[in-house]
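**Student:** Sharing a structure with you now.
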Amino acid sequence: MPRSIITEKVRNIGIIAHIDAGKTTVTERFLYFTGRTYKIGEVHQGTAVMDWMEQERQRGITITAAATTCEWADHVINIVDTPGHVDFTVEVERSLRVLDGGVVVFDAVAGVQPQSETVWHQADRYHIPRICFVNKMDRVGADFWHTIETIRERLSARPLAIQLPIGIEDSYKGVIDLIEMVAWIFPEDITEKAQSQRIPHDLLEQAEKGREQLLEELAEVDDQLLISYVEGHEVSASEMKKAIRRATLVGLLTPVICGTALKNKGIEPLLDAVIDYLPSPEDMPPVVGHVPGQEAELIERAPTDDEPFSALAFKIVADPYGRIAYVRVYSGVMRQGDMVYNSTRNTRERIGRLLHMHANRREEVAEVFAGDIAAVVGPKNTFTGDTLCTEKSPIVLEPIKFPEPVIAVAIEPKTKDDQDRMGEALGRLSDEDPTFRHHYDKETGQTIMSGMGELHLEIIIDRMLREYRVEANVGRPQVAYKETITAPARAEGRFVRQTGGRGQFGVVEIDVEPLPQGSGFHFEDKTVGGVVPREYVLAIERGIREALETGILAGYPVIDVQVRLVDGSYHPVDSSEFAFEMAGSLAIQEALRKAKTILLEPIMNVEVTTPDQFFGDVLADITSKRGQVVGVDQRGHLRMVHAHIPLAETFGYTTDLRSLTQGRATYTMEFYQYQELPQSLRENVTGRMVGGRRR
Ligand SMILES: Nc1nc2c(ncn2[C@@H]2O[C@H](COP(=O)(O)OP(=O)(O)OP(=O)(O)O)[C@@H](O)[C@H]2O)c(=O)[nH]1
Ligand SMILES: [Mg+2]
């Protein structure tokens, strides 16, 4: 069966923004205006199609990224609506990894907010072309131009206003399209179609100025347009659109338009802009990967159906009814019944059913093509970040990087039955969410769960109760400390037992070295001449990895370490994988003792918005929490305080801030980096434990 739509007419986009900017509301309007749904879903009424999880509807926030599809102007738009809350940043990260373009939504009153900055930089990392939608133009205090200014300043971007708003706040009516030079007034009655009309007389001069400025900015970055412009030709709307598209695709400019999703204004032009300015899969450069087992051997796949098949699994959903892997197809075709190769794990997977997803509704398809986003039902051994491809031409695509959990709680099931169900629930939930981890602490007999923040763990606990019926007592949140080394060291590990019968023999020598933050664990075999056979090297690495889960200071995981195996010896009879695993473990523990190991604590990026009169109190409170103020902005009567505060000091901050400011200040918080825990506080941590084991 041929594909029903050519790749050039496909858009894979993500809706990204700060929490509450209106992403889900925008997505719901997309579904309504394109005829996908017949009734508008509302977040605040708990009826949004995209926020289908119980926890989402109750809280009015998005927790999981939901995918859907709609059609507009002969094109297919695959949309992923992402959550804005930082605790669910994993959803943004994996969506951006597989999408081609982004719609960034801003609150017209607040302008760029901290989390929009974060998602913007995430999109930068993946070179995602984007357009900006200044939403909530109906709100008191809405300001299109101020928002554009914050995009320029805080995101270091080049925003390009391609519309002018008509009216503002209560009287916001529509927009002037500076390219076509027409006005759109959006009817109050949603069943009426918006019509373009002549620009109102009193706005004509402003519109002409706006267009002139738009042309100047475009000419600065686009040579083709520059030529027409300096030669004094009348530049046509279609020439302008092409130039804007070129500049957007390479990230030189970001078109900005406005509206109010809640009041159904500005949605059709936004859909047009998605088609006009965001890339199709064909516009994307070939995806790059490497030959399995040879990381330096790079290979490419062009985004066409006749290339060998390759796809990346970016999300696993494991509900009690089955396991589904969401994939992005980069090249080639995958059909039901195909045997595909998981090159990340060197396993094979028989493809059962293939689906297109609409939030939590499913539509079965026989095959999926280059550029598609689809779901595979029932894979057993495919995990987030894995590559699926043809075994004949294998490729390993770059996996997705996820942040480390920073917060932990102890959880104790109430009954034996709960205990059994909890095991299954934990397995499934961590399968879905790479930023959620759990382990069993032998010493305290507790299960420790760790994640990205209080809300993240709260939702997990809630899901365990509702979906898996696990009742449990949950401890207070604790900081997930880490350990790391600060100096290089060499150490030997000997595991030798040779008294009668078959003995044990494994001897290894390793070098360790600190790595920059975020690098993780690297292992390299530097031995020569087969002093340690290959299978034992793997055992050594395993032993080291395991030992690093429990550091020597307070039992917290050790991060950012380079380990080189430099020497070793084996015995033809007594050596075993077990002996080398032990030797590796002993060597790394010895090395950690020599390599000046320190404790690290997570530091958070906090932004507090407070009325002037509480500014002093807010500052003093931040200082008392070992916080450091790194910047202060002023807007009207509000101050925005940007600070770094250790996570340990932020528990309960919502309550503190409320009582300090009579509930008039707000804040957002996200992980910034790990820093050494001051010596004076070390005692508190080494005498306590969670997220690690005391030794
Ligand atoms: N006044 C006004 N309110 C809006 C507009 N768009 C959305 N809202 C409201 O803002 C709130 C948040 O909207 P959502 O669409 O849930 O925002 P979101 O960006 O999806 O939020 P998260 O997914 O939790 O990050 C809801 O109460 C919406 O009704 C708008 O244009 N004007
Ligand atoms: Mg949402």
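So for the sequence shown, my numbering puts the first residue at 2; every next one is plus one. Every residue, glycine too, gets a C-beta built ideally from N, C-alpha and C. Bear in mind that the values here come from a model prediction, so they are computed numbers and not experimental data.
1) What did DSSP end up calling Ala666 once you bin it into helix, strand or coil?
2) What are the boundary residues of the alpha helix (DSSP H) that includes Asp418?
3) Per DSSP, which one or two residues make a beta bridge with Gly103?
4) With Ile64 and Phe89 assumed to form a contact (beta carbons below 8 Å), what rounded beta-carbon distance in angstroms separates them?
5) What do you get for Asn742, buried or exposed, if any count of 16 or more other CB atoms within 10 angstroms of its CB means buried?
6) If you measure from each residue's Cβ to the nearest non-hydrogen atom of ligand 2, which ones come out under 5 Å, in chain order?
7) Output the residue ranges of the alpha helix (DSSP H) runs that lie fully inside the segment 600–649 and measure 4 residues or longer, sorted by chain position.
8) For Val289 versus Val104, is the C-beta distance shorter than 8 Å?
9) Only counting the same chain, and skipping five residues up and downstream in sequence, which positions put a Cβ closer than 8 Å to that of Val99?
10) Which residues does DSSP pair with Ser237 in a beta bridge?
11) Using a Cβ distance threshold of 8 Å, determine whether the segment 547–564 contacts the segment 580–589, with at least three qualifying pairs required.
12) Say the cut is 7 Å; is the CB of Thr90 nearer than that to a heavy atom of ligand 1?
13) If we call anything under 8 Å between Cβ atoms a contact, is Leu554 one with Thr445?
14) Less than 8 Å between the beta carbons of Gly42 and Val50, yes or no?
15) Going by alpha carbons, who is nearest to Glu317 out of Val334, Met335, Ser281, Phe384?
16) Quick one: using the 10 Å Cβ neighbour count with 16 as the cut-off for buried, is Gly692 buried or exposed?
17) State buried or exposed for His439, treating a residue as buried only when at least 16 other CB atoms are found within 10 Å of its CB.
18) Report the rounded CA-to-CA distance for Tyr673 versus Arg363, giving the unit in angstroms.
19) Helix or strand or just coil, what does DSSP make of Met2?
20) Tell me which residue opens and which closes the beta strand (DSSP E) that Thr445 is part of.
21) Are there any heavy atoms of ligand 1 lying less than 7 Å away from the beta-carbon of Leu263, as far as the coordinates show?
22) In the structure shown, what three-state DSSP assignment does Leu165 receive?
23) Quick one, which of Arg58, Thr35, Arg37, Gln164 has its alpha-carbon nearest Gln46's?
24) Let me check you understand the geometry: is the CB of Pro84 closer than 7 Å to at least one non-hydrogen atom of ligand 1?
25) Alpha carbon to alpha carbon, what distance is there between Pro166 and Asp125?
26) So the candidates are Ile599, Arg659, Ala367; which of them puts its Cα closest to the Cα of Arg683?
27) Around the Cβ of Phe184, are there at least 16 other Cβ atoms within 10 angstroms (buried) or fewer (exposed)?
28) Quick check for students: name the residue ranges of the beta strand (DSSP E) that lie wholly in the segment 157–213, counting only runs of 3 or more.
29) Would you report the Cα separation of Arg4 and Gly452, rounded to the nearest angstrom?
30) Express the C-alpha separation of Val529 and Ile16 in angstroms, rounding to a whole number.
31) Alpha carbon to alpha carbon, how far is Gly521 from Thr551? Give it in angstroms, no decimals.
32) Give me the DSSP bridge partner(s) of Asn474.
33) For the beta strand (DSSP E) that contains Ser576, what are its first and last residues?
34) I need the DSSP call for Met51, collapsed to helix, strand or coil.
35) Is Arg470 closer than 8 Å to Ala584 when the C-beta atoms are compared?
36) By Cβ distance, which residues of its chain are closer than 8 Å to Val366, with the 5 residues on each side in sequence left out?
**Tutor:** By the coordinates alone:
1) When DSSP states are grouped into helix, strand and coil, Ala666 belongs to the coil group.
2) Asp418 -> alpha helix (DSSP H) spans 417–433.
3) Gly15, Arg131
4) 6 Å
5) What is shown of the chain runs 2 to 696, which leaves residue 742 out entirely.
6) Lys24, Thr25, Thr63
7) 616–625
8) No, the Cβ-Cβ distance between Val289 and Val104 is not below 8 Å.
9) Asn13, Leu313, Phe315, Arg329, Ile374
10) Ser237 is not bridged to any residue.
11) yes
12) no
13) no
14) yes
15) The amino acid occupying residue 317 in the given sequence is Ile; Glu does not appear at that position. Ranked by how close their Cα comes to the Cα of Ile317, the residues Val334, Met335, Ser281, Phe384 have Phe384 in first place.
16) Bear in mind that a pLDDT of 43 at Gly692, under 50, signals an unreliable position, so the number given afterwards is only what the model happens to contain. Counting Cβ neighbours within 10 Å, Gly692 comes out buried, since at least 16 surround it.
17) buried
18) 38 Å
19) For Met2, the pLDDT reaches just 48, beneath the cut-off of 50, and the residue's location in the model is therefore unreliable, although a value from the coordinates is still provided. Met2 carries a coil assignment under DSSP once its states are collapsed to helix, strand and coil.
20) No beta strand (DSSP E) holds Thr445; DSSP gives it neither H nor E.
21) yes
22) strand
23) Arg58
24) Yes, the Cβ of Pro84 comes within 7 Å of a heavy atom of ligand 1.
25) 28 Å
26) For the residues Ile599, Arg659, Ala367, the minimum Cα distance to Arg683 belongs to Ile599.
27) One detail in the question is off: residue 184 reads as Ala in this sequence, not Phe. Burial state of Ala184 is buried, judged by a 10 Å Cβ sphere holding 16 or more other Cβ atoms.
28) 160–162, 164–167, 175–178, 183–186, 196–198
29) 41 Å
30) 51 Å
31) 15 Å
32) Glu413
33) Here Ser576 belongs to no beta strand (DSSP E), and DSSP marks it neither H nor E.
34) coil
35) No. Outside cutoff.
36) Leu355, Leu356, His357, Ala375
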